[in-house]
Structure formats: structure tokens, C-alpha cells
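Presented below is the structure to which this report refers.
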Amino acid sequence: MRLVILDNYDKVSEWAARYIKRRILDFEPGPDNYFTLGLPTALPRNHPESYHSFMWHNFFKHIDILPENAHLLDGNAEDKVAECEHFEEEIKKAGGIELFMGGIGPDGHIAFNEPGSSLVSRTRVKTLNQDTVEANARFFGGDISQVPTEALTVGVGTVMDAREVMILITGAHKSYALYKAIEEGVSHMWTVSAFQMHPKTIFVCDEDATLELKVKTVKYFKGLMTLHNKLLEEKSVEPSSKKQRSN
Amino acid sequence: MPGNKTVSDSHIFQFKNCRILRNHSIFVEDLWVRDGKIIDPEKLFYVEKGYADFQIDCKNAIIAPGFIDVQINGGFGIDFSSNFDDIEGGVQKVAKGILQHGCTSFCPTIISSSKEVYKKVLPKIKIKAGGRDGAEILGVHVEGPFISKEKRGAHLLENMATYDNGFSDVLDMYHDISSVRIVTLAPELPRSLDVIREFVDRGVVVSLGHSMASLSQGEEAVKHGASFITHLFNAMLPFHHRDPHLVGLLASYKHPPDLRIIYYGIISDGIHTNPCAERIAHRTHAKGSVLVTDAVAAMGLPSGTHRTGTQMIEIQDKRALIAGTDTLCGR
Numbered sequence: 001m002r003l004v005i006l007d008n009y010d011k012v013s014e015w016a017a018r019y020i021k022r023r024i025l026d027f028e029p030g031p032d033n034y035f036t037l038g039l040p041t042a043l044p045r046n047h048p049e050s051y052h053s054f055m056w057h058n059f060f061k062h063i064d065i066l067p068e069n070a071h072l073l074d075g076n077a078e079d080k081v082a083e084c085e086h087f088e089e090e091i092k093k094a095g096g097i098e099l100f101m102g103g104i105g106p107d108g109h110i111a112f113n114e115p116g117s118s119l120v121s122r123t124r125v126k127t128l129n130q131d132t133v134e135a136n137a138r139f140f141g142g143d144i145s146q147v148p149t150e151a152l153t154v155g156v157g158t159v160m161d162a163r164e165v166m167i168l169i170t171g172a173h174k175s176y177a178l179y180k181a182i183e184e185g186v187s188h189m190w191t192v193s194a195f196q197m198h199p200k201t202i203f204v205c206d207e208d209a210t211l212e213l214k215v216k217t218v219k220y221f222k223g224l225m226t227l228h229n230k231l232l233e234e235k236s237v238e239p240s241s242k243k244q245r246s247n
Numbered sequence: 001m002p003g004n005k006t007v008s009d010s011h012i013f014q015f016k017n018c019r020i021l022r023n024h025s026i027f028v029e030d031l032w033v034r035d036g037k038i039i040d041p042e043k044l045f046y047v048e049k050g051y052a053d054f055q056i057d058c059k060n061a062i063i064a065p066g067f068i069d070v071q072i073n074g075g076f077g078i079d080f081s082s083n084f085d086d087i088e089g090g091v092q093k094v095a096k097g098i099l100q101h102g103c104t105s106f107c108p109t110i111i112s113s114s115k116e117v118y119k120k121v122l123p124k125i126k127i128k129a130g131g132r133d134g135a136e137i138l139g140v141h142v143e144g145p146f147i148s149k150e151k152r153g154a155h156l157l158e159n160m161a162t163y164d165n166g167f168s169d170v171l172d173m174y175h176d177i178s179s180v181r182i183v184t185l186a187p188e189l190p191r192s193l194d195v196i197r198e199f200v201d202r203g204v205v206v207s208l209g210h211s212m213a214s215l216s217q218g219e220e221a222v223k224h225g226a227s228f229i230t231h232l233f234n235a236m237l238p239f240h241h242r243d244p245h246l247v248g249l250l251a252s253y254k255h256p257p258d259l260r261i262i263y264y265g266i267i268s269d270g271i272h273t274n275p276c277a278e279r280i281a282h283r284t285h286a287k288g289s290v291l292v293t294d295a296v297a298a299m300g301l302p303s304g305t306h307r308t309g310t311q312m313i314e315i316q317d318k319r320a321l322i323a324g325t326d327t328l329c330g331r
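Protein sequences appear in the order of chains Y and L. Per UniProt numbering, the very first residue in the first sequence carries number 1; after that it's consecutive. Per UniProt numbering, the very first residue in the second sequence carries number 1; after that it's consecutive.
Structure below.
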């Protein structure tokens, strides 16, 4: 695992953005060579706080991606199960996820894989737990009754299949989850811990998120910052991954 | 990048690198248009899976709705009140000329004139939709002649008139009011309340101005249907703390409950009104604020002396004065 520790939220955002940009450029994507970027999903479209709106305003409208290449889970789908299965199909068709980027909840969940989710789960409908519903209330004017209680989400297994996983964690309220995710064992109660079993995971966090970690851990990874920053400049050291992709 | 043609074959235009006016603020955002209508790019992206056929770089310009000028006496050498040779052509010249200033609709304004002039001019100015060839003509604004001679400003004394016989005098003066949409009158003149009622019943906006009216006279006029004030502060008695006169209408509680809001024109050139006076009016009643140019024939012409129909106008710096005097004559 790589653990990149930066001063604050803005620095984390910038570093992560640069990293993703570097990865995409190094990959040299094209019409026959998709760089598939995975991002977490969920609330119904049309709602101003839906991920569709969020993704449009914060990402898609600023880049020249073709609409047909943007695949979002549709929370309004009639047959939600079919929608999830279809999503998994789309991922396979695009050649698998090259890089998945996500955050974690205070309960250590990745996407909406709440504590107790199977660590080999696939894209499916999940009922949200109370903590998550409360955390999401801020998007609905603080009115808990408005918050959706179900969401479509990629599974832990789905993300584990990605060739690289990047998790962003900021704030003191996430620090305990980060501790559980990387200093304790793999547990379905802290689903992010599953990535201890993934060959290429990178956690990017701010100082506050490290508050529950051992000083030793933090010192070790901070010492590697020069190496981490090199990742932003050089070509990726896995040219073979490109050849695997073009079938 | 062609749009997906499931909804329409028309081209999609994306205006980039621009600022738009929305919900009372200006912010950076692209504007997407198809078939002359603004479309929702999010819907286009997710539902139609479409994108822009043409992208236009606006170089940080602001995209805003076209301006509406309800008081403009002419421009580019044309004076609506005294250009009789080619009236339609004159109006068209102004309509075209103001487009590049962002004005897409206007009310050609006729200042206090004689019966003969109204007979000649009014029938020739038609309400007309706008387009590439010129701004929309909303209708005529007849500013006078039923105004106060003490507050006539640049209007000629011999053209002042009254309507002691009520609306029949009005029809006698203007002759054809079919394209009149705004009338400026002084509500202290006898029979004003009847005349105002008649105009309002015919769908004409009654604007109070060039007047010596007190606040209560103004309030009566509003009760009878007046809904606009012509160039606030100019050609009326000033705000006085014991009788704010027409300026007081901005804060009166005596307006009828079904009157939506009282609007007031403001000539915001920094010369006709002191910016502080403007701000006071705006802070008192922002919703009613309507910017007007009150532009004269000299608008669009360079510095110097110009003949505009009945008067000589002198342009000094940014001021247009009646030649030989210090009286401002609109802008």
C-alpha cells in the first residue's frame, strides 16, 4: 500500500488530481484503448444533489468526454437488479477498471458497502445504515426524512477487480476508520480494509485523518514523500498492462 | 462532436468561456443552445447522450438578455419628434443602431409636440417584432404634451397642453393612439384622474413625470392606475422630507394592493442623477428600478453642435446640452 500524507483537504485534492492525470496521460488512451476510471455512485438522477448532477458540474462539463463513455448507475431504474448486472457487464466490456477512486465513510465503508457487506460483493442494491443516512442529510437541508434509504453501489469485489485503487480520506472524523482500515486486520466491518489484499492501493489523506495512526506508521510514510511525488512526474512502470488491455 | 439525433437534428451550440446572468448574479458557466432555445446540458449529456456541434469561445464576455429601453428620443442623427422625411426609415435606423449596444426592444419616444406633428408621426410608427435588422418596437412613448410647463425641461413652451375636457382632448391632440404604449403626464393637471383611467383601460402604461405634483397627488394618480415614473428625480420636485413629491412614491404605503409594483425610470449616466441619489432610490425600492437612456438624436454622433429637428444640441464630453444653455437634454 502507498500512504500519501498531505497538509490539508486542498492539497489532498490537488495531489490526487495530478496523480489521476498522470496515470491517464501515461496510459495514452484512445478509441481502442479505454482508460476506465471508476468512481462511487448512487442517488436518483434529477435530484440536484444526485451524483449525476455532482459529476456533471464537477467533472463531465469541464472535459471533452463523449456522453456514451460515461456510465453511471441509474438509481431510478425500474429493474434495479438488472441495472446492477448491466453495470458489471459494461465494466467487463470496457476491459475492466484501470483506476478506481473513492473515499471512505466514518464507518470505514467504501462506496455504499456498509459494515457487514461481503468483501467479494458485486454491484447491487444496498440499504443504507443510519450513520450514512445522517451523514447524507446535509444534502437534503438537514431533513432526514428526505434522504434516500437505498442505493445502488459497486461491490467491494467489483472495486477489488480494478487494477489500481485510490482512496481519499480527509478530516479527523475519518481518522478512526483509516486506522481500522490499515493498522488492523481485514474485516467486513470496515470494508475498506479489504484493500490490504489488493496489489496496488494508494491512500491519500490529510494530517487530521492520521490522528488515530501510530506515530511510527505516519513517520514511515511521510519519509516516502519524495518517492510519492515522483509518481506525479514519471511514466508508470508497468508497460505490460497496456498490452493486456487491447483484446 | 455531433449530437445524438434522438431528439432533434438541429445543431447544438455551446458558448464557452463566458459568464452568464442567472438568479441575480453573474457567474462562469457555459450556455447551450439548440433551435433558438437554451437547453439543459446535463439532460443532453445523460439522457440524449449528445454534445455540442459547435463550440464558441466567448473570451470571458457576459451573456445577458437583451436590454429594453422605454425612453429613447432618437439616435444616429434621427430625432423621432422631428424627422418627417422618412419616418419608418428613421425608426428602423435607430432600431438597427441600438442592437450593437445590447438593446433588443425599445419604445420610440416623442416629446411634447404640436397636433400636426402627432398626426404625421404616430400612424407611421408601428409595433414590430425584432430580429437581425433591428430591435423590437414595443410601441410609442408619448412624453407630453400634457405636462407641467414649469418642469418641461427641454420641451418647447408652445407645445404644452392641458386636457380640461378630459380624454376627448387627448384624442384630439394625438389623433391616432393605436401604437401608443406609454404616456408621460403630470397628474396635477385638472381631469388627470379621468384621463389616467381611460389610458389604463386601453392598455397604455401611464407614467408620471415633468410634474410639480405633491406626493398625495402622485398617490391619487397611482390609485387610478398610474404605474411608472418618468426619469426619477429629473423634471419633478425634489425629495423633501415633509413632502417627498413623486420620489416618495417609491416608499408609499397608500398604493392599491393589486398594483404589482411601481416602476421608475432612471437615467444612470452619472450626470442626470448623482450616483448616491440613484443608490438611495435603489435601496428603497430595487424591484422598481428601470434603466432608461432618454437618448437624443445625437447619440452615436461625435462631439460638437448638431441640429436635431427643432433644436440645436451641443455635445460636450459626455453631456448633451441645449446649445447656449446649461440645460441637459436627455442623453
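Cβ atoms here follow ideal geometry from the backbone N, Cα and C, with glycine treated the same way.
(message) So, at 7 Å on beta carbons, what are the nonlocal neighbours of residue 336/L in its own chain, with the 5 sequence-adjacent residues on each side left out?
(response) Not covered by the structure: residue 336/L. The range shown for chain L is 1 to 331.
(request) Give the DSSP-derived three-state secondary structure of Leu-301/L in the structure shown. (result) coil
(request) Please report the residue range of the alpha helix (DSSP H) in which Tyr-179/Y lies. (result) Its alpha helix (DSSP H) spans residues 175 to 182.
(message) So, at 8 Å on beta carbons, what are the nonlocal neighbours of Ala-129/L in its own chain, with the 5 sequence-adjacent residues on each side left out?
(response) Glu-136
(message) On the CB-based measure, 16 or more other CB atoms within 10 Å of its CB, does Leu-227/Y come out buried or exposed?
(response) Classification of Leu-227/Y: exposed, given that the 10 Å Cβ count is below 16.
(request) Helix, strand or coil for Leu-171/L, going by three-state DSSP, please let me know. (result) helix
(message) Let me check understanding here. Comparing Cα to Cα, which of Lys-59/L, Cys-58/L, Asp-57/L, Ile-39/L lies closest to Gly-50/L?
(response) Ile-39/L
(message) Contact criterion: CB-CB distance below 8 Å. Does Tyr-46/L meet it with respect to chain Y?
(response) Yes, Tyr-46/L lies at the interface with chain Y (some Cβ there is under 8 Å from its Cβ).
(message) For Met-1/Y and Ala-70/Y, I'd like the C-alpha separation in whole angstroms.
(response) The alpha-carbon atoms of Met-1/Y and Ala-70/Y are separated by roughly 29 Å.
(message) Can you pull the chain Y neighbours of Lys-59/L, defined as C-beta to C-beta under 7 Å?
(response) For Lys-59/L, no chain Y residue has a Cβ inside 7 Å of its Cβ, as the nearest lies near 18 Å away.
(message) At 3 residues or longer, what runs of the beta strand (DSSP E) sit wholly inside the segment 167 to 234 of chain L?
(response) 180 to 185, 205 to 208
(request) Measure from the alpha carbon of Ser-105/L to the alpha carbon of each residue in Ile-322/L, Ser-214/L, Asp-326/L, His-141/L, then state which is nearest. (result) His-141/L
(request) Please work out which residues of its chain come closer than 7 Å, Cβ to Cβ, to Gly-97/L, disregarding the five sequence neighbours upstream and downstream, and give them in chain order. (result) Gly-75, Phe-76, Gly-300
(request) In the DSSP assignment, find the unbroken alpha helix (DSSP H) run with Val-91/L in it and report its ends. (result) 87 to 99
(request) List the endpoints of the continuous beta strand (DSSP E) containing Asp-26/Y. (result) No beta strand (DSSP E) contains Asp-26/Y, which is instead part of the alpha helix (DSSP H) from 9 to 27.
(request) Compute the Euclidean distance between the alpha carbons of Gln-316/L and Leu-328/L, then round it to the nearest angstrom. (result) 11 Å
(request) Return helix, strand or coil for Asp-79/Y, following the three-state DSSP convention. (result) Looking at Asp-79/Y - three-state DSSP - the assignment turns out to be coil, as it is neither helix nor strand.
(message) Can you pull the chain Y neighbours of Lys-149/L, defined as C-beta to C-beta under 7 Å?
(response) Those within 7 Å of Lys-149/L in chain Y number zero; the least Cβ separation is about 59 Å.
(message) Three Cβ pairs or more, each shorter than 8 Å: is that satisfied between the segment 211 to 224 of chain L and the segment 181 to 189 of chain L?
(response) The answer is yes - the segment 181 to 189 of chain L touches the segment 211 to 224 of chain L, with three or more Cβ pairs under 8 Å.
(message) What does the Cβ neighbour count give for Lys-230/Y, buried or exposed, with the cut at 16 atoms within 10 Å?
(response) exposed
(message) Output needed for Gly-90/L: all residues of its chain with C-beta closer than 6 Å, excluding positions within five of it in sequence on either side, in chain order.
(response) Ile-78, Asn-83
(message) Whether or not the segment 127 to 134 of chain Y and the segment 190 to 209 of chain Y are in contact is what I'm after, with contact meaning three or more pairs of Cβ atoms, one per stretch, closer than 8 Å; do they touch?
(response) no
(request) Since I believe Gly-139/L is in contact with Ala-180/L (beta carbons under 8 Å), could you give me their beta-carbon distance rounded to a whole number of angstroms? (result) The sequence shown places Val at residue 180/L, not Ala. Going by Cβ atoms, the distance from Val-180/L to Gly-139/L rounds to 6 Å, so yes, they are a contact pair.
(request) For Asn-136/Y, name the three-state secondary structure that DSSP assigns. (result) Assigned with DSSP and collapsed to three states, Asn-136/Y falls in helix.
(message) With the cut-off set at 8 Å, would you say Ser-227/L and Val-204/L are in Cβ contact?
(response) No, the Cβ-Cβ distance between Ser-227/L and Val-204/L is not below 8 Å.
(message) Just to check my reading of the structure: Ala-320/L and Val-296/L have Cβ atoms closer than 8 Å, yes? What is that Cβ distance to the nearest angstrom?
(response) 6 Å
(request) Determine the DSSP secondary structure at Lys-37/L, reduced to helix, strand or coil. (result) strand
(request) Return the residue from the list Gly-102/L, Ile-111/L, Asp-57/L that minimises the CA-CA distance to Phe-67/L. (result) Gly-102/L
(request) Measure the alpha-carbon distance for Ile-144/Y versus Val-133/Y and round it to whole angstroms. (result) Just so you know, the alpha carbons of Ile-144/Y and Val-133/Y end up roughly 7 Å apart.
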